[in-house]
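Student: I'd like to ask some things about the structure below.
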Amino acid sequence: MGYSMEKVFDTHVHYNFDISMDEMIKIFKEEFEETGTEKCVFLSLPHNASKEGLYLNAEQNVKGMFLKYIFSPNAYAFAGLIHPQAQISNEERAKLYYDQAVRYHSVGYDGIKMLEGHPTLRKTMKIALDSSVYDKFYSYLEEVGMPIIMHVADPAESWNLETASESAKTLGRTYAGSYPSKKQLTDEVFGILNKHPKLKLGLAHFGFMSYDISEAERFLSYKNTFFDLTPGGEQLINMSNVWEKWLPFFEEYQNRILYGSDFYAFPKKDETEWRIAFRRRPDFLRQFFETESEHLYINQTFCGVNIGERLRTKIYRDNFMNLLDQPKLIDIDYLKAEINSLLKNPPNENEYYTKDGVIDTSKPENLKKVQERYKSDLQFMLQKL
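Next up, the structure:
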């Protein structure tokens with residue numbers, strides 16, 4: 184299926200599959216061209232969590248900035264917080280987060296990505312999103328106008344094994360028992376905004392608020408908040424079932440909704456599987472917003488709602504530019520220094536996270552492979568700068 188001629192500016196692009204930086208750049212170029220992606224935001228995910236623990240990919244922030252450099256002037260980079268591996272006091276933690284915000288703002292990052300509201304990461308870290316340890320961090324971002332894109336909660340069905348999707352069960356994304364509830368996570372977002380009402384805070388995946396339009400309206404009652412439309416759940420399909428209620432919402436808040444797709448440079452092991460993988464979400468978004476016909480997304484049937492070119496222009500491009508304007512200048516010296524520092528500290532934990540799965544680096548052969556990829560990617564970046 185072909186795309187319309189309308190270009191998209193994507194607020195939600197990741198880069199954590201286990202492929203080399205050189206190959207990743209080539210794949211991104213092909214994928215961007217085929218999907219009509221003209222501008223994008225590279226979102227860093229330094230930490231991920233599973234039921235076994237917290238993982239660190241220390242190189243994520245420099246990779247995001249490097250990709251911004253490669254795809255300049257059409258790319259932006261959002262950094263992620265690096266959390267301490269050891270126990271420290273709340274005062275030390277607050278200073279650590281504040282210092283990172285100041286540094287990221289000064290060296291050319293365009294915003295902050297927070298995965299800390301994901302149920303598994305939130306449970307593992309045991310730090311509320313509106314905890315006082317984040318206050319100075321949020322206050323600084325509020326003061327300088329640096330935006331956050333935050334993942335909060337997951338589909339509501341995932342808190343009940345009877346209603347959770349089969350994919351959620353297979354991937355271990357069910358949250359009964361000791362996990363924070365969806366309501367608690369959402370309440371923590373409003374806790375942030377009550378303390379920092381001018382914060383530029385965006386919720387990915389529509390904040391998983393497709394179940395309650397009043398909750399979405401409450402979130403957007405804060406003047407600098409916004410949603411990205413990254414598929415997840417599936418929020419848009421939920422909305423389409425009661426579109427007569429959601430269309431007025433999209434009309435009223437047309438300046439506060441941004442295109443996002445959870446885009447990746449997918450491994451190109453098989454041409455057909457690769458094309459299915461990278462086109463799945465962009466195709467879904469195009470079909471939803473540009474057609475009125477019936478389509479299949481994974482295993483769900485839906486009908487497009489065709490919102491018209493005027494609204495699509497806002498969502499696909501204009502709101503992105505109103506939020507971010509031109510990319511901030513990159514401090515190349517800082518980027519080189521960070522890469523050199525990382526080269527001195529290769530991964531040595533027992534496990535290493537990639538989008539392909541967790542690698543058991545307690546096995547010497549696996550650790551060697553991870554460290555070789557880590558070093559070769561960093562050296563490649565240095566050579567290109």
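When you line the sequence shown up against this note's numbering, it's residues 184 to 568, in that order. For each residue, glycine too, the CB sits at the ideal point set by N, CA and C. If you're wondering where the values come from, they're calculated on a predicted model, not measured in any experiment.
Quick one: using the 10 Å Cβ neighbour count with 16 as the cut-off for buried, is Met184 buried or exposed?
Tutor: For the purposes of this step, residue 184 is taken as residue 1 along the sequence shown, with counting starting at 1. Its pLDDT being 49, under 50, Met184 is placed unreliably by the model, and the measurement read from it follows with that caveat. The residue is exposed, with fewer than 16 neighbouring Cβ atoms inside 10 Å.
Student: Would a C-beta distance cut-off of 8 Å place Phe410 and Ile459 closer than the cut-off?
Tutor: Your numbering for residue 410 matches position 227 in the sequence shown. Your numbering for residue 459 matches position 276 in the sequence shown. Taking 8 Å as the Cβ cut-off, Phe410 and Ile459 do not qualify as a contacting pair.
Student: Which value, in whole angstroms, describes the spacing of the CA atoms of Val601 and Ala311?
Tutor: Only positions 184 to 568 of the chain appear in this structure, which leaves residue 601 out of reach.
Student: Do you know offhand how far Asp337's Cα is from Phe320's?
Tutor: Walking along the sequence shown from the start, residue 337 turns up at place 154. Walking along the sequence shown from the start, residue 320 turns up at place 137. Taking the straight line from one Cα to the other gives about 24 Å.
Student: Considering only residues of the stretch 453–490, which uninterrupted beta strand (DSSP E) runs meet the minimum length of 3 residues and lie entirely inside it, listed in chain order?
Tutor: The qualifying runs are 477–480, 483–486.
Student: So, helix, strand or coil for Gly185, using DSSP?
Tutor: Locating residue 185 in the sequence shown gives position 2, counting from the first residue. Model confidence at Gly185 stands at a pLDDT of 48, short of 50, so the residue's coordinates are unreliable; what they give is reported in the following sentence. It is coil, neither helix nor strand.
Student: I'd like to know whether the C-beta atoms of Tyr447 and Phe249 end up nearer to each other than 8 Å.
Tutor: Taking the first residue of the sequence shown as 1, we reach residue 447 at position 264. Taking the first residue of the sequence shown as 1, we reach residue 249 at position 66. Contact flag unset, no.
Student: Could you tell me whether the stretch 276–283 touches the stretch 222–238, where touching means 3 or more Cβ pairs closer than 8 Å?
Tutor: no
Student: Could you check whether Tyr292 and Ala258 sit closer than 8 Å to each other, using their CB atoms as the reference points?
Tutor: Mapped onto the sequence shown, residue 258 falls at position 75. Mapped onto the sequence shown, residue 292 falls at position 109. No, these two residues do not count as a Cβ contact at 8 Å.
Student: Can you give the Cα-Cα distance for Met207 and Pro450, rounded to whole angstroms?
Tutor: In the sequence shown, the residue the question calls residue 207 occupies position 24. In the sequence shown, the residue the question calls residue 450 occupies position 267. If you take the alpha carbons of Met207 and Pro450, they lie about 8 Å apart.
Student: Hey, could you find the ends of the alpha helix (DSSP H) Ala277 is sitting in?
Tutor: Residue numbering aside, residue 277 sits at position 94 when the sequence shown is read from its first letter. Segment 273–290, the alpha helix (DSSP H) holding Ala277.
Student: Taking the alpha carbon of Lys222 as the point to measure from, which residue in Pro256, His197, Met204, Lys209 has its own alpha carbon closest?
Tutor: Working through the sequence shown from its first residue, we reach residue 222 at position 39. Nearest of Pro256, His197, Met204, Lys209 to Lys222, Cα basis: Pro256.
Student: Tell me which residues share the same chain as Phe461 and place their Cβ nearer than 6 Å to its Cβ, disregarding the 5 neighbours each side in the sequence.
Tutor: If you number the sequence shown from 1, residue 461 lands on position 278. Excluding sequence neighbours, Phe461 sits near Glu214, Phe449.
Student: Quick check: what's the CA-CA separation for Gly415 versus Ala339?
Tutor: Taking the first residue of the sequence shown as 1, we reach residue 415 at position 232. Taking the first residue of the sequence shown as 1, we reach residue 339 at position 156. Approximately 11 Å between the Cα atoms of the pair.
Student: Could you tell me if Arg286 is buried or exposed, where buried requires 16 or more neighbouring beta carbons within 10 angstroms of its beta carbon?
Tutor: Taking the first residue of the sequence shown as position 1, residue 286 is located at position 103. Exposed: under 16 other Cβ atoms inside 10 Å.
Student: Is the beta carbon of Asp193 closer than 8 Å to that of Val224?
Tutor: Locating residue 224 in the sequence shown gives position 41, where the first residue counts as 1. Locating residue 193 in the sequence shown gives position 10, where the first residue counts as 1. Against a cut-off of 8 Å, the Cβ pair of Asp193 and Val224 comes out as a contact.
Student: Would you report the Cα separation of Thr413 and Met333, rounded to the nearest angstrom?
Tutor: Residue 413 sits at position 230 when you count from the first residue of the sequence shown. Residue 333 sits at position 150 when you count from the first residue of the sequence shown. If you take the alpha carbons of Thr413 and Met333, they lie about 12 Å apart.
Student: Among the candidates Asp516, Tyr405, Arg469, whose CA atom is the shortest distance from the CA of Thr220?
Tutor: Residue mapping note: residue 220 aligns to position 37 of the sequence shown, counting from 1. Minimum Cα distance to Thr220 is reached at Arg469.
Student: Cutting at 8 Å between CB atoms, please list the residues of its own chain near Gly300, excluding the five before and the five after it.
Tutor: Residue mapping note: residue 300 aligns to position 117 of the sequence shown, counting from 1. Leu312, Met333, His334, Val335, Ala336, Leu368, Glu371, Val372, listed in sequence order.
Student: For the beta strand (DSSP E) that Ile515 lies in, which residues bound it at each end?
Tutor: Here residue 515 is taken as the residue at index 332 of the sequence shown, counted from 1. Careful: Ile515 lies outside any beta strand (DSSP E), inside the alpha helix (DSSP H) at 515–526.
Student: Could you name the residues of the same chain whose beta carbon sits closer than 7 Å to that of Arg157, not counting the 5 residues immediately before and after it, in chain order?
Tutor: This structure gives no information on residue 157, because the portion of the chain shown stretches from 184 to 568.
Student: Going by alpha carbons, who is nearest to Ser272 out of Lys251, Tyr317, Lys497?
Tutor: Looking up residue 272 in the sequence shown gives position 89. When only C-alpha atoms are compared, the closest one is Tyr317.
Student: Mind checking whether His195 and Ala399 have CB atoms under 8 Å apart?
Tutor: To locate residue 195, count along the sequence shown from 1; it is residue 12. To locate residue 399, count along the sequence shown from 1; it is residue 216. Using a Cβ distance threshold of 8 Å, His195 and Ala399 do not count as a contacting pair.
Student: Would Leu382 and Glu473 qualify as a contact pair, given that the criterion is a beta-carbon distance under 8 Å?
Tutor: Along the sequence shown, one-based indexing puts residue 382 at 199. Along the sequence shown, one-based indexing puts residue 473 at 290. Result no, Cβ atoms of Leu382 and Glu473 do not sit closer than 8 Å.
Student: With DSSP run on the structure shown, which of helix, strand or coil describes Leu357?
Tutor: Working through the sequence shown from its first residue, we reach residue 357 at position 174. Residue 357 is actually Thr in this sequence, not Leu. In the structure shown, Thr357 sits in coil (DSSP, three-state: anything other than H, G, I, E or B).
Student: Considering only DSSP beta bridges, list what Ile295 is partnered with.
Tutor: Residue 295 sits at position 112 when you count from the first residue of the sequence shown. Answer is Ala262, Ile331.
Student: I need the straight-line Cα distance from Asn528 to Pro229, nearest angstrom please.
Tutor: Taking the sequence shown and counting its residues from 1, one reaches residue 528 at position 345. Taking the sequence shown and counting its residues from 1, one reaches residue 229 at position 46. Distance between the alpha carbons of Asn528 and Pro229 is about 15 Å.
Student: Does the distance from the C-beta atom of Asn421 to that of Ser393 stay below 8 Å?
Tutor: Start at 1 with the first residue of the sequence shown, and residue 421 comes out as number 238. Start at 1 with the first residue of the sequence shown, and residue 393 comes out as number 210. Their beta carbons are under 8 Å apart, which means Asn421 touches Ser393 by this criterion.
Student: Nearest CA to the CA of Ile375: which residue from Lys511, Glu548, Ser322, Ser227?
Tutor: Position 192 of the sequence shown holds residue 375. With distances taken between Cα atoms, Ile375 lies closest to Ser322.
Student: Can you give me the C-alpha to C-alpha distance between Glu521 and Asp508, rounded to a whole angstrom?
Tutor: Position 338 of the sequence shown, counting from 1, holds the residue named residue 521. Position 325 of the sequence shown, counting from 1, holds the residue named residue 508. Distance between the alpha carbons of Glu521 and Asp508 is about 26 Å.
Student: How big is the Cα-Cα spacing for Asn377 and Ser364?
Tutor: Working through the sequence shown from its first residue, we reach residue 377 at position 194. Working through the sequence shown from its first residue, we reach residue 364 at position 181. If you take the alpha carbons of Asn377 and Ser364, they lie about 20 Å apart.
Student: Within 10 angstroms of its Cβ, does Arg569 collect 16 or more other Cβ (buried), or is it exposed?
Tutor: As shown, the chain starts at 184 and ends at 568. That puts residue 569 outside it, with no answer to give.
Student: Nearest to Pro530 by alpha carbon, out of Lys551, Asn523, Gly540?
Tutor: Numbered from 1 along the sequence shown, position 347 holds the residue referred to as residue 530. Answer by Cα proximity: Lys551.
Student: Taking 8 Å as the threshold (C-beta atoms), are Val541 and Glu532 in contact?
Tutor: As a first step, residue 532 is located in the sequence shown; it is residue number 349 there, counting from the start. As a first step, residue 541 is located in the sequence shown; it is residue number 358 there, counting from the start. No, the pair does not count as a contact, with Cβ atoms beyond the cut-off.
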